[in-house]
Amino acid sequence: MNRTAVLSEVSGTVWQVLVAVGDAVEEFQELVLIESMKMEIPVLAPRAGRITEILVAEKSSVAAEQTVAWID
Amino acid sequence: MAFEKEISELEERRARSLAMGSAKRLDERRAQNILNARERVAGLTDEGSFSEWGLLAVSIRPEDRERSAGDGYVSGSATVEGRPVVVHAADFTTLGASTSAIGDKKFHHAKVNAARNGVPLVLLNECAGSRIPDIMGAQGLHRAGEHSELWRDRSSPWATAILGLTYGDGSFYASMSDFVVMRKGAVMAVSSEHVTSVALAEAGDPREFGGWEVQTSVTGAVDRAVDTDEEAIELIKRFLSYMPSHANELPPRTTAGEPGGDQESLLAILPESPKRTYDVRRILQVIFDAGTLFPLKERFAPVAFTGLARLAGEVVGIIAINPMHKGGALDAEACDKIVSFIVLCDSFNIPLVTFADTPGFMVGAAGERQKMPGKIMNYLQALGAASVPKLSVIMRKSYGQAHLNMGAGYCDEMAAWFSAEVSLMGRQPAMNVLHRLKPGETPEQYAALEAQLTRDTSAYALADAFMAQTVIKPSETRDWLIHMRALHARRPTGGIGLHRLSTWPTTC
Numbered sequence: 001m002n003r004t005a006v007l008s009e010v011s012g013t014v015w016q017v018l019v020a021v022g023d024a025v026e027e028f029q030e031l032v033l034i035e036s037m038k039m040e041i042p043v044l045a046p047r048a049g050r051i052t053e054i055l056v057a058e059k060s061s062v063a064a065e066q067t068v069a070w071i072d
Numbered sequence: 001m002a003f004e005k006e007i008s009e010l011e012e013r014r015a016r017s018l019a020m021g022s023a024k025r026l027d028e029r030r031a032q033n034i035l036n037a038r039e040r041v042a043g044l045t046d047e048g049s050f051s052e053w054g055l056l057a058v059s060i061r062p063e064d065r066e067r068s069a070g071d072g073y074v075s076g077s078a079t080v081e082g083r084p085v086v087v088h089a090a091d092f093t094t095l096g097a098s099t100s101a102i103g104d105k106k107f108h109h110a111k112v113n114a115a116r117n118g119v120p121l122v123l124l125n126e127c128a129g130s131r132i133p134d135i136m137g138a139q140g141l142h143r144a145g146e147h148s149e150l151w152r153d154r155s156s157p158w159a160t161a162i163l164g165l166t167y168g169d170g171s172f173y174a175s176m177s178d179f180v181v182m183r184k185g186a187v188m189a190v191s192s193e194h195v196t197s198v199a200l201a202e203a204g205d206p207r208e209f210g211g212w213e214v215q216t217s218v219t220g221a222v223d224r225a226v227d228t229d230e231e232a233i234e235l236i237k238r239f240l241s242y243m244p245s246h247a248n249e250l251p252p253r254t255t256a257g258e259p260g261g262d263q264e265s266l267l268a269i270l271p272e273s274p275k276r277t278y279d280v281r282r283i284l285q286v287i288f289d290a291g292t293l294f295p296l297k298e299r300f301a302p303v304a305f306t307g308l309a310r311l312a313g314e315v316v317g318i319i320a321i322n323p324m325h326k327g328g329a330l331d332a333e334a335c336d337k338i339v340s341f342i343v344l345c346d347s348f349n350i351p352l353v354t355f356a357d358t359p360g361f362m363v364g365a366a367g368e369r370q371k372m373p374g375k376i377m378n379y380l381q382a383l384g385a386a387s388v389p390k391l392s393v394i395m396r397k398s399y400g401q402a403h404l405n406m407g408a409g410y411c412d413e414m415a416a417w418f419s420a421e422v423s424l425m426g427r428q429p430a431m432n433v434l435h436r437l438k439p440g441e442t443p444e445q446y447a448a449l450e451a452q453l454t455r456d457t458s459a460y461a462l463a464d465a466f467m468a469q470t471v472i473k474p475s476e477t478r479d480w481l482i483h484m485r486a487l488h489a490r491r492p493t494g495g496i497g498l499h500r501l502s503t504w505p506t507t508c
């Protein structure tokens, strides 16, 4: 299967990264928590797979639609 | 036997039409597990209930007479689970079920008879687009407008399945429908890749530009995507089970169902921290009758859940903010989705129940470019114009203009959970906007100014002024809704609304 980008739906600050490279994840699993609008908003896995790359770290800023990780 | 010759000619003509297109094409479909038009109609309708019209219709062009069985459509009246419907099914093996003069007349007959007699119209679509040369030339093209097929007033529900390559009219009729299901692998688009490549020098895979992923999540034109024809047909039956046969009837009631879960379990789903998100669908599944939640446009603008369900056996329409997406902030697409859902409910006498947990409408450059003020007002206009009963639950946050859009001043009854928090914006953003201060900066000054700014944002503040009619625990929501639904039955009109929105154009 092709690799799939994991996008943040909102802009904000990375609060927590909940997975590591190599982890197997389920569809809709929470991967990263973004602090935005005084909420901890989860970035969800768009499909099941394995995390191949994580592009953000805790406290880094993300923009809406930014790729935060890749799933293979 | 008397009339032997005449009877045999009739039987022969019928048999030729019943055979549809070429045997080769029919075999190819079978090999791919794709049903043909007659198998689809049989799967949808009650056994022996289908009465076909236009079986012997053929193309207006003499040279196509022998290869245009039914002019590409299997059409007629039937029953689905005992209730009458009109069904119009594309036979792709016959000239690609392309739009043609006689095929159009059959569609017109189906549409008019469904509306006039108050029965749902089910469209099982595939369509290669306009038939060339039938639709070419001034008269060919103009004829397509003469029956006003591309207009409807929602006098009865329309449900459409996209079951193959569906271009032109096939895509237009789907966009006019109240419910659209698509088989994965099918395509819905205005024009085929061949036309777009000639017209625009744009090469593209139709499954990319008009496939299920685009149509369910980018455009919202399709409500649900499934793997097989059979599943699509089952979903159409399921959708119809929630709908009245026509706009002057109430949706069908069933005996009161059991709730979907223990009402006390809601306290475990709702996080104690107001910063944590949750999936609102888990809340809805507990509150409404078990197994009755039927989401519409679920993959499109998922921050707004819209769907049908049963509450003690009665059909209701639910608009619920899902904080799991975008923290519950409503964007332009969510507004469009909600408007289209309010239109459905208003047109077919389905009471609305709203569940709020939103930090407000999405602000910023992207939202403004999507005409946010207009989208917000379209939504509020639709909510105001809808004459169905409206019940509103404030679960947690209900901030800013979104509080009005979630029912403030527009609903018949409002209940606030004890966890409700209502204001123009949160205290911290307000401090920043008004005093340009962030927490941690000059703590004493911050505390003093924050105290001045603070107004009561609680559920009890709403209750004090009788703005919310009650403050409840989440576990009391189901009972409250059942009681209020029973009162707000609009008895003088038998629950039939004004349908002010029934001609509102919605395309998502």
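From first to last, the protein sequence lines are chains A and B. So in full-length UniProt numbering, spot 15 of the first sequence is number 15, and the numbers just go up one at a time. So in full-length UniProt numbering, spot 284 of the second sequence is number 284, and the numbers just go up one at a time. Every residue gets a Cβ at the ideal spot worked out from N, C-alpha and C, and that includes glycine. Quick caveat: nothing in here was measured; it's all calculated off a predicted structure.
With contacts defined as CB atoms closer than 8 Å, B:P244 and B:N349 qualify as a contacting pair. Counting the other CB atoms within 10 Å of its CB gives B:Q139 a total below 16, which places it among the exposed residues. Secondary structure within the UniProt domain "Lipoyl-binding" (1–72) of chain A: the beta strand (DSSP E) runs of 3 or more consecutive residues, fully enclosed, are 4–7, 12–17, 30–36, 39–44, 49–54, 67–71 (chain order). Contact check for B:Q215 and B:V222: beta-carbon distance about 4 Å, within the 8 Å limit, so the pair qualifies. The C-beta distance from B:A69 to B:R116 rounds to 27 Å, too long to fall under 8 Å, and the pair is not in contact. Within 10 angstroms of the beta-carbon of B:S75 lie 16 or more other beta-carbons, which makes it buried. In the structure shown, B:S77 adopts extended strand secondary structure according to DSSP, grouped into three states. Within the model, the alpha-carbon separation for B:T160 versus A:A69 is close to 37 Å. Under the Cβ criterion of 8 Å, A:K59 is not counted among the residues facing chain B.
If you draw a straight line from the Cα of B:Q452 to the Cα of B:A430, it is about 12 Å long. Contacts between B:K326 and chain A, judged by CB atoms closer than 7 Å, involve E9, V10, I41 in chain order. No Cβ of chain B is located within less than 8 Å of the beta carbon of A:A24.
Under the three-state reduction of DSSP, B:K397 is assigned to strand. Chain B has a Cβ within less than 8 Å of the Cβ of A:A64. Distance from B:P295 to B:G307 at the Cβ level is roughly 4 Å; contact confirmed, criterion being Cβ atoms closer than 8 Å. Secondary structure of B:H88 (DSSP, three-state): strand. B:K105 and B:E81 have their alpha carbons spaced roughly 28 Å apart. Only residues of its own chain outside the window of five on either side were considered, and among them V286 have a CB closer than 7 Å to the CB of B:S265, listed in chain order. Within the DSSP bridge table, the entry for B:R310 names B:V315 as partners. Remark: C-beta atoms of B:L380 and B:L344 do not approach each other more closely than 8 Å. When DSSP states are grouped into helix, strand and coil, B:S241 belongs to the helix group.
The Cβ neighbour count for B:W151, taken over all protein chains shown within 10 Å, is under 16; the residue is labelled exposed.
According to DSSP, residue pairing for B:K390 in a beta bridge involves B:L352.
When C-alpha distances from B:P206 are compared across B:F418, B:V187, B:S59, B:K438, the shortest belongs to B:V187. Against B:A247, chain A offers no close residue; the least beta-carbon distance is about 37 Å (beta-carbon pairs closer than 7 Å).
Of B:V58, B:R29, B:A415, the smallest CA-CA separation from B:R14 is found for B:V58. In the three-state scheme derived from DSSP, where H, G and I count as helix and E and B as strand, B:A15 is classed as helix. B:A97 has a beta carbon lying at 8 Å or more from every beta carbon in chain A. Within chain A, the residues whose beta carbon sits less than 9 Å from that of B:P323 are M39, I41, listed in sequence order. Per DSSP, B:M414 is one residue of the beta strand (DSSP E) stretching across 413–417. Within its own chain, the residues whose Cβ lies closer than 8 Å to the Cβ of B:D46, once the five positions on either side in sequence are excluded, are A78, T79, V80, E81, G82, listed in chain order. In this structure B:E258 is not in contact with B:A301, their Cβ atoms being roughly 31 Å apart against a cut-off of 8 Å. The C-alpha of B:D91 lies about 11 Å from the C-alpha of B:A19. Inter-segment contact for the region 418–435 of chain B and the region 379–399 of chain B is present: three or more beta-carbon pairs are separated by less than 8 Å. Against chain A, a Cβ distance below 8 Å from B:P359 picks out M37, K38, M39. For the pair B:A312 and B:I102, the CB atoms are not nearer than the 8 Å cut-off.
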